[in-house]
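Under my numbering, the letters of the sequence shown match residues 3 to 89, in that order.
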Amino acid sequence: MKTIWMAMLILSSVALVAVLVRQRLSWIWLRNFTIHFVLAAVVLYVLNFSGLIPHIYIPLNPVTIGTVVVLGVPGIALIAGVQYFIV
């Protein structure tokens with residue numbers, strides 16, 4: 003059963019890459035997403051090590067970076083608020 007799932011994962015990944023390569027619009031989308039992803043990671047890194055938000059450390063993982071990519075600055079506030087009230 004694991005072999006079937008792995009084969010489906012590889013086949014779907016290859017198909018996704020093929021669609022992305024063929025479409026010009028997808029390159030623009032991929033470039034914009036990459037730029038936003040890198041900027042979100044840099045902003046979180048700077049906030050963590052500059053001390054602008056005291057006593058709050060936002061880990062650099064795909065979930066937090068993805069939240070900041072999608073929501074922007076309110077995403078940083080959301081993560082900081084969740085950490086403040088839960089932790």
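C-beta: ideal position from N, C-alpha, C; glycine also.
Open item on the list: Helix, strand or coil, according to DSSP, for glycine 68 in the structure here?
Closed with: Counted from its first residue, the sequence shown places residue 68 at position 66. DSSP places glycine 68 in helix when its eight states are reduced to three.
- [ ] Report back the beta-carbon spacing between isoleucine 81 and threonine 66 to the nearest angstrom; my notes put them in contact at under 8 angstroms.
- [x] Within the sequence shown, numbered from 1, the residue matching residue 81 stands at position 79. Within the sequence shown, numbered from 1, the residue matching residue 66 stands at position 64. The Cβ separation is near 6 angstroms, so the contact holds.
TODO: Starting from the Cα of valine 45, find the closest Cα among Leu22, Tyr86 and Pro61 and give me that residue.
DONE: Counting from one through the sequence shown, the residue named residue 45 turns up at place 43. Of the candidates Leu22, Tyr86 and Pro61, the residue whose Cα lies closest to the Cα of valine 45 is Pro61.
- [ ] Measuring alpha carbon to alpha carbon, tell me which of Met8, Ser15 and Gly83 ends up nearest isoleucine 91.
- [x] The requested residue 91 is not part of the displayed model; the chain covers only 3 to 89.
Task: Residue burial classification, threonine 5 (beta-carbon count within 10 angstroms, cutoff 16) - done: Here residue 5 refers to the residue found at position 3 of the sequence shown. The residue is exposed, with fewer than 16 neighbouring Cβ atoms inside 10 Å.
Task: Pairwise C-alpha distance: isoleucine 30 and arginine 24 - done: Here residue 24 is taken as the residue at index 22 of the sequence shown, counted from 1. Here residue 30 is taken as the residue at index 28 of the sequence shown, counted from 1. Arginine 24 and isoleucine 30 have their C-alpha atoms spaced approximately 12 angstroms apart.
Task: Classification of threonine 69 by the beta-carbon crowding that lies within 10 angstroms, buried from 16 upward - done: Taking the first residue of the sequence shown as 1, we reach residue 69 at position 67. So threonine 69 ends up on the buried side.
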